[in-house]
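Notes follow once the structure below has been shown.
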Amino acid sequence: MGAYYDEIEIEDMVWDAEKGVFHYPCPCGDRFEISRRQLADYEDIATCPSCSLVIRVIYDPLDFEDEPDDEEDGAESEEEEEEDSDDDQAFEDAMENLSVSESAPVAVAV
Ligand SMILES: [Zn+2]
Numbered sequence: 001m002g003a004y005y006d007e008i009e010i011e012d013m014v015w016d017a018e019k020g021v022f023h024y025p026c027p028c029g030d031r032f033e034i035s036r037r038q039l040a041d042y043e044d045i046a047t048c049p050s051c052s053l054v055i056r057v058i059y060d061p062l063d064f065e066d067e068p069d070d071e072e073d074g075a076e077s078e079e080e081e082e083e084d085s086d087d088d089q090a091f092e093d094a095m096e097n098l099s100v101s102e103s104a105p106v107a108v109a110v
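Structure below.
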């Protein structure tokens, strides 16, 4: 684990405005890609779609945290979740069903 093909600084990657990703040439002929959204989520692993190689992207997450587009999307979805109080009851019902189905195989094993 943790075997990166290389570590690349974000300044050395190329920005693709159409796809919204930074990319960097992969030795297999394709290219490593990492989206701006991934960078904003503190992810630093760019993957190649054509092989199993990955690279670690060296960057400052704070540079991407303040992107206005991502900020608005994230804030709206979080507020919606907090206002849904009915979900709590549904979650408790689901937990009851889950514990009932889980206890059956345990009893058989013992
Ligand atoms: Zn590749």
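Residue numbers (the UniProt record's numbering): 1 to 110. All residues carry an ideal CB built from backbone N, CA and C; glycine is no exception.
- Annotation for Gly29: Ser50 place their beta carbon closer than 8 Å to its own, counting only its chain and skipping 5 residues before and after.
- Residues of the same chain with a CB within less than 6 Å of the CB of Asp44, apart from the 5 flanking positions on each side, are Arg56 and Val57 in chain order.
- Of Lys19, Ala90, Ala40 and Thr47, the smallest CA-CA separation from Tyr4 is found for Thr47.
- Along the length of the UniProt domain "DPH-type MB" (4-60), whole beta strand (DSSP E) runs at least 3 residues long occupy 6-9, 14-16, 21-25, 31-35, 45-47 and 54-58, reported in chain order.
- If you compare the alpha carbons of Gly20, Pro27, Ala90 and Gln89 with that of Ser52, the shortest gap goes to Pro27.
- When the beta-carbon positions are compared, Val21 and Glu9 stay at least 8 Å from each other.
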